[in-house]
Structure formats: C-alpha cells, structure tokens
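Peer 1: Here's a structure for you.
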Amino acid sequence: MTKGDGAASEQISGPHFTDIIVTTSDTHLLFFGELKNSLTPQMVEGLHSGIPLNFSFFVELERVQSNWPDKEMTSIEFNHTLSYDTLKQLYSIETEELSKKSHTVKSLDEALPLINEVNGLKIVKLEELEPDQTYRLRVKADLHKKTLPFSLRRVVPFVSWWDLKTDWHSIEFMY
Numbered sequence: 003m004t005k006g007d008g009a010a011s012e013q014i015s016g017p018h019f020t021d022i023i024v025t026t027s028d029t030h031l032l033f034f035g036e037l038k039n040s041l042t043p044q045m046v047e048g049l050h051s052g053i054p055l056n057f058s059f060f061v062e063l064e065r066v067q068s069n070w071p072d073k074e075m076t077s078i079e080f081n082h083t084l085s086y087d088t089l090k091q092l093y094s095i096e097t098e099e100l101s102k103k104s105h106t107v108k109s110l111d112e113a114l115p116l117i118n119e120v121n122g123l124k125i126v127k128l129e130e131l132e133p134d135q136t137y138r139l140r141v142k143a144d145l146h147k148k149t150l151p152f153s154l155r156r157v158v159p160f161v162s163w164w165d166l167k168t169d170w171h172s173i174e175f176m177y
C-alpha cells in the first residue's frame with residue numbers, strides 16, 4: 003500500500019526508522035518497519051555485563067480531516083527486550099506485539115534484526131477504515147535500559163546515558 007523511503011535516512015547517525023510499510027491483509031491494516039542505529043557501544047557493553055535493554059515502540063493511526071481536528075483511530079504501545087546471559091553467552095529477545103514471542107540466538111548480529119524489526123503489526127480492522135479517506139500512521143521508539151535492581155543503581159550510574167529516542171516518523175496514505 004504505502005512504503006516510506008529509507009534511502010535518505012541512511013545518513014542519519016542516531017536511531018531512526020527505515021523501510022516503513024503500511025499495507026493490508028484480508029482483515030487488518032498492517033505495519034512493517036525497521037529500526038536502524040539502535041545500539042550505542044555503551045549499550046552493548048552494558049548488555050554484555052548483564053543489563054537488559056528495552057525498546058518501547060509507539061504506533062498511532064489518525065484519520066486526517068480537513069477543517070476539523072484529526073481523529074485518532076488507535077494508539078498501540080509494545081516492547082522488545084534484549085538480554086544477554088553471560089554464563090551461556092546467549093542473547094534472548096522478547097517481542098510483545100505478536101503474542102509475546104521469545105527467541106534465543108548466539109550472536110548480536112542474529113539478535114539485532116529480531117529486536118529492531120516490526121513485522122505485520124495489526125493496527126486496526128479494515129472495517130474501521132472509511133474508503134477514500136486520508137490516514138496518517140506515526141511511529142517512534144524509545145530505547146532504554148530496564149530498571150536496575152536497587153543494589154546496582156549506585157554501582158552503574160552511567161546507564162542513564164543509554165536512553166535514546168527516535169523522532170516521530172509519519173506516513174500519510176489513502177485507503
């Protein structure tokens with residue numbers, strides 16, 4: 003249906019979305035997208051020290067109405083969590099949006115697509131959309147550490163530097 007152009011965004015140094023696609027299944031409006039530059043070297047170092055990382059995704063859909071405030075259709079929030087088992091040397095990824103799936107992989111290169119990609123998120127049922135209307139899908143992500151146990155908060159004070167956010171990325175489309 004609609005695809006966001008990621009070519010210009012490849013030059014962005016911070017975390018950002020690329021390859022955003024809004025399409026339909028037989029029953030739902032679907033969202034696909036990929037987060038780039040999501041981890042800093044400090045985040046990877048903390049991860050390898052056993053500190054889990056949490057990626058919070060926010061997706062909003064509005065119907066654009068001229069001469070009238072836009073109508074919010076839905077607002078969805080979900081998380082991806084990345085952790086590293088220092089004893090087994092395995093990465094665990096939990097994704098919430100499609101029935102809370104868990105994956106375990108051996109390398110960070112295998113873990114990154116799982117933590118960074120959103121594949122086929124159901125936004126709304128098609129019956130909720132009006133034909134020949136303009137809609138705006140907005141997406142952003144907050145990348146941060148999970149809350150540390152109280153005993154570690156004084157030992158690892160630098161982790162607050164990890165908190166990163168993407169800008170809102172918007173795509174308008176006609177249904």
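Quick note: the sequence shown uses the numbering used here, first residue 3, plus one each step. No residue lacks a Cβ here, since even glycine has one placed at the ideal position from N, Cα and C.
1) Lys103 to Ala113, Cα distance in whole Å?
2) Sorted by chain position, which residues of the same chain lie with C-beta nearer than 8 Å to Lys73's C-beta, five sequence neighbours on each side aside?
3) List the endpoints of the continuous beta strand (DSSP E) containing Val1.
4) Per DSSP, which one or two residues make a beta bridge with Asp144?
5) Decide if Asn45 is buried, meaning its Cβ has at least 16 other Cβ atoms within 10 Å, or exposed.
6) Give the secondary structure of Asn39 by DSSP, where H, G and I count as helix, E and B as strand, and everything else as coil.
7) Tell me which same chain residues have a C-beta within less than 6 Å of the C-beta of Trp170, skipping the five on either side of it?
8) With contact counted as at least three CB pairs below 8 Å, one residue from each stretch, are the region 26-43 and the region 86-94 in contact?
9) Please list the segments of the alpha helix (DSSP H) lying wholly inside the region 85-151, counting only runs of 4 or more residues, in order along the chain.
10) Need the endpoints of the beta strand (DSSP E) that Asp21 sits in, please.
11) Nearest by alpha-carbon distance to Ile173: which of Ser15, Ile22, Gln135, Asp134 is it?
12) For the candidate residues His105, Phe59, Thr26, whose alpha-carbon lies nearest to that of Pro122?
13) Is the Cβ-Cβ distance between Thr42 and Leu128 less than 8 Å?
14) Leaving aside the five residues before and after His105 along the sequence, list all residues of the same chain whose C-beta is less than 6 Å from its C-beta, in chain order.
15) Pro17: buried (16+ other C-beta within 10 angstroms of its C-beta) or exposed?
16) Using the rule of at least 16 other Cβ atoms within 10 Å of the residue's Cβ for burial, across every protein chain shown, is Asn69 buried or exposed?
Peer 2: Per the coordinate set shown:
1) The count along the sequence shown starts at 1 and reaches residue 103 at position 101. The count along the sequence shown starts at 1 and reaches residue 113 at position 111. Lys103 and Ala113: Cα-Cα distance of roughly 13 Å.
2) Here residue 73 refers to the residue found at position 71 of the sequence shown. The answer, listed in chain order, is Glu64, Arg65, Gln67.
3) Any property of residue 1 remains undetermined from this structure, which presents the chain solely from 3 to 177.
4) Residue 144 sits at position 142 when you count from the first residue of the sequence shown. Answer by DSSP bridge pairing, in chain order: Ser58, Lys167.
5) The residue you call residue 45 lines up with position 43 of the sequence shown. The amino acid at residue 45 is misidentified as Asn; the sequence shows Met. Per the 10 Å Cβ criterion, buried.
6) Taking the first residue of the sequence shown as position 1, residue 39 is located at position 37. Coil.
7) Position 168 of the sequence shown, counted from the start, is the residue given in the question as residue 170. Arg140, Lys142.
8) no
9) 110-118
10) Sequence index remark: in the sequence shown, residue 21 carries index 19 (1-based). Start and end: 18-26.
11) As a first step, residue 173 is located in the sequence shown; it is residue number 171 there, counting from the start. It is Ile22.
12) Locating residue 122 in the sequence shown gives position 120, where the first residue counts as 1. What sits at residue 122 in the sequence shown is Gly, not Pro. Gly122 has its Cα closest to that of Thr26, out of His105, Phe59, Thr26.
13) Translated into the one-based positions of the sequence shown, residue 42 becomes position 40. Translated into the one-based positions of the sequence shown, residue 128 becomes position 126. Contact: no.
14) The residue labelled residue 105 in the question sits at position 103 within the sequence shown. If we look at His105 and ignore the five residues flanking it on each side, its Cβ neighbours are Ile95, Leu116.
15) As a working note, residue 17 is residue 15 in the sequence shown. Under this definition Pro17 is a buried residue.
16) Residue mapping note: residue 69 aligns to position 67 of the sequence shown, counting from 1. By the neighbour-count rule (16 or more Cβ atoms within 10 Å), Asn69 is not buried but exposed.
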